[in-house]
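A short worksheet on the structure shown next.
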Amino acid sequence: MVDPAAGPFLFDTSAESWLMRTTRSEVLNWVRAYLSSYQFEVSALTVVERIRGYSLLWRRAPLQRRKLIEASRISYLRALGPVWRLDEAIAVVAGEIMALLPDPPTPPRRSHRVSESRQERLARWRFDAMIAATALVARMPLIHNNASDFEPVRSAIEQSPERFPGLGPLELIRCASLT
Amino acid sequence: MSKNSGGNPIKKRRTTLTLPSDSLVQAERIARVRKVNLSTVISEALSEGLRAHAAVTRSEEVLNSYRAAFSGFTDDEVAILDGIILEPVKRH
């Protein structure tokens with residue numbers, strides 16, 4: 087269990103949606119308690135992923151559904167708290183992470199109906215590296231629902247501390263362990 | 004005259020309140036210890052309560068906006084909102 091008063095935390099793209107779609111009352115109460123003291127801090131890369139997602143859904147949707155997608159996008163932007171920009175320090179750390187782990191640790195996502203291309207998987211992996219770099223530089227625990235990507239980053243940083251002087255360890259908190 | 008955080012004088016109004024005796028006794032005790040008048044203690048406590056209430060209201064507004072941002076989407080659509088760009092599998 088994580089004390090919501092122990093924030094602020096950085097929220098990964100996967101964490102925002104997981105926390106906001108949950109029906110578990112104890113998780114919602116955790117979010118309420120957190121929001122009464124802090125805001126959801128995110129990386130600019132999360133905003134890139136999210137807004138691209140809304141835009142892609144809008145383009146693919148029939149006319150009558152576009153209204154809901156646009157209303158959802160506006161709600162998201164209204165709720166958005168502080169956004170960490172990709173500055174020099176974060177870019178340097180992200181570059182180190184990408185050099186340590188050039189390839190995504192898991193294959194592209196696929197099911198019987200839909201699949202993710204290799205290029206998209208690589209792009210998503212690099213976004214995750216930049217989000218992890220933001221958490222390291224901001225010295226904030228990263229709340230996520232994507233252990234398969236972030237745990238290898240944490241391990242790699244622990245094994246090469248000389249490439250991350252004065253930083254780390256990367257503190258990870260899974261959404262499911264918040265309550 | 005008291006001033007607010009912007010350096011402007013705070014407007015004051017006289018009123019009559021009915022308060023729980025226990026709270027009033029506690030407030031009077033604090034006023035004696037701090038050597039301030041009862042109005043100051045009550046005013047500070049009220050400000051603190053109003054700040055907490057505003058924080059809860061704001062937190063509920065943000066939560067409602069956030070939840071609206073993700074409602075009405077399928078799991079595949081939420082994956083796309085999470086940056087996982089999924090395309091229909093091409094059948095050969």
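Quick mapping for you: the protein sequence lines, in order, are chains W and Y. Sequential numbering of the first sequence, starting at 87, is according to the working numbering. Sequential numbering of the second sequence, starting at 4, is according to the working numbering. All C-beta atoms in this analysis are idealised placements derived from N, C-alpha and C, irrespective of residue type, glycine included.
Can you grab the Cα-Cα spacing for the pair I176 (chain W) / N67 (chain Y), in whole Å?
Cα-Cα distance, rounded: 31 Å.
Please state the DSSP three-state secondary structure of P247 (chain W).
Looking at P247 (chain W) - three-state DSSP - the assignment turns out to be helix.
Report all residues from its chain with a CB closer than 6 Å to the CB of A101 (chain W); omit the five preceding and five following residues, and keep chain order.
Correct list, in chain order: I229, H230, N231 and C261.
Give the DSSP-derived three-state secondary structure of I33 (chain Y) in the structure shown.
It is helical.
Counting only the same chain and skipping the five closest in sequence on each side, list residues whose C-beta sits under 7 Å from that of E135 (chain W).
The residues are T99 and F213.
Express the C-alpha separation of I137 (chain W) and Y208 (chain W) in angstroms, rounding to a whole number.
According to the sequence shown, residue 208 (chain W) is Leu rather than Tyr. L208 (chain W) and I137 (chain W) have their C-alpha atoms roughly 19 Å apart.
Could you work out which residues of chain Y lie near V117 (chain W), taking near to mean beta carbons separated by less than 7 Å?
The contacting residues are L66.
I'd like to know if V271 (chain W) contacts chain Y, where contact means its C-beta is closer than 8 Å to some C-beta of that chain.
Since the first residue shown for chain W is 87 and the last is 265, residue 271 (chain W) is missing from the structure and cannot be characterised.
Pull up the distance between the alpha-carbon of D189 (chain W) and that of W104 (chain W), whole angstroms please.
One C-alpha to the other measures close to 25 Å.
Rounded to whole angstroms, how far is the Cβ of A165 (chain W) from the Cβ of Y69 (chain Y), which I believe are closer than 8 Å?
Sure, about 4 Å apart at Cβ, within 8 Å.
7 Å Cβ shell around V117 (chain W) - same chain, five flanking residues per side excluded
In the same chain as V117 (chain W), and ignoring 5 residues on each side of it, the C-beta atoms closer than 7 Å to its own belong to L105, in chain order.
Starting from the Cα of T19 (chain Y), find the closest Cα among Y:R32, Y:S42, Y:R35 and Y:V28 and give me that residue.
Comparing Cα positions, the closest option is Y:S42.
So what does DSSP say about L96 (chain W), is it helix, strand or coil?
If DSSP states are grouped into helix, strand and coil, L96 (chain W) belongs with the strands.
According to DSSP, is L27 (chain Y) part of a helix, a strand, or is it coil?
Helix, per DSSP.
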